[in-house]
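Peer 1: I'd like to ask you about the structure that follows.
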Amino acid sequence: MTNIQHITDTTKLNNGVQMPWLGFGVFQTKEGDEVINAVRDALETGYRSIDTAAAYGNETGVGTAIKQSGVSRDELFVTTKVWNSNQGYDTTLRAFDESRKKLGLDVIDLYLIHWPVKGKYKDTWKAMEKLYRDGHVRAIGVSNFHVHHLNDLLENSEVVPAVNQIELHPLLSQVELRNFCQQKGIQVEAWSPLIAGKHHLPLLDELASKYHKSPAQIILRWDLQHGIVTIPKSIHTERIRENTNVFDFTLSDEDVQRLDGLNRNERTGADPDNFNF
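So the sequence shown is numbered by UniProt numbering: it starts at 1 and just counts up by one.
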């Protein structure tokens, strides 16, 4: 079990870059004041990792909030992703430039392939390797890649992905994929860690009462103890703060195992083997 005790604690990626264990996601957060205010609140609360994507349509607002925050660039870890319609070698390079301009950043900390678009993700990866070699990104990785996608990518790649960001929560624990990534030195990162708020699970209520925490805090702690980078999202200041209050308690091994037992292989989003966007 990983012992993470502070919001500034980081994991060392396979290229030596340090990435915060707890980040702030902005999926479905509207461009303009909504995302600017959310990111500002997150940075004021202590988050230093912000996760966005070209497809979210809010990179400009994220960049504005970062600029307004006064937090020095070297304290921040900013992730964005190339969207499916821009995959391919030349189009990925152009998409990266557009994301970088919107964010107002010379260097992106982590650039991800958003989904494994068949017939395109290898060329996309070649472009990302170039961006990495040229120093435009500090680390490159993937999102929503199954084991077979990773094996296919690794066959003729020069750089092993630093991160695989996947849907991961107690109902979809992805143990086989997590184990594979660990063997290859790929850091697993959870999107939709709070199950998109779609399920009421009695065990979470029980553990929340036991540890005097919220169900969301129980899940986030479960992620961290498993060595999973996690990026909860919210536009509400009190929830943004609540999600950072996960460093003053530890789930027992037994309770971690009980949460592991909730797995149903149930997704809230698309299956990476069957998506049409």
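Ideal Cβ positions, reconstructed from N, Cα and C, are used throughout, including at glycine.
Count the other C-beta atoms from every protein chain shown that fall within 10 angstroms of the C-beta of GLY25, then say buried if there are 16 or more, exposed otherwise.
Peer 2: buried
Peer 1: For a quick check, are the C-beta atoms of ASN151 and HIS114 less than 9 Å apart?
Peer 2: No, the pair does not count as a contact, with Cβ atoms beyond the cut-off.
Peer 1: Using the three-state DSSP reduction, which class does SER157 fall into: helix, strand or coil?
Peer 2: coil
Peer 1: Please report the distance separating the alpha-carbon of ILE108 from that of PRO272.
Peer 2: In a straight line, the C-alpha of ILE108 is about 25 Å away from that of PRO272.
Peer 1: Can you give me the C-alpha to C-alpha distance between ALA95 and GLY46, rounded to a whole angstrom?
Peer 2: 30 Å
Peer 1: So, with DSSP's three-state summary, where would you put ILE4?
Peer 2: coil
Peer 1: Would you identify the three-state DSSP class for LEU177, choosing helix, strand or coil?
Peer 2: Helix.
Peer 1: Which partner residues of MET19 appear in the DSSP bridge assignment?
Peer 2: Here MET19 is bridged, per DSSP, to THR11.
Peer 1: For THR52 and GLU59, which I take to be in contact (beta-carbon distance under 8 Å), what is that distance rounded to the nearest angstrom?
Peer 2: 5 Å
Peer 1: Check whether the region 232-243 and the region 253-269 touch, using three or more Cβ-Cβ pairs below 8 Å as the test.
Peer 2: no
Peer 1: Can you give the Cα-Cα distance for PHE77 and TYR56, rounded to whole angstroms?
Peer 2: 18 Å
Peer 1: Do ASN14 and ILE186 have their C-beta atoms closer together than 9 Å?
Peer 2: yes
Peer 1: With DSSP run on the structure shown, which of helix, strand or coil describes VAL71?
Peer 2: coil
Peer 1: Is there contact between the region 59-74 and the region 24-39, where contact requires at least three CB pairs shorter than 8 Å?
Peer 2: yes
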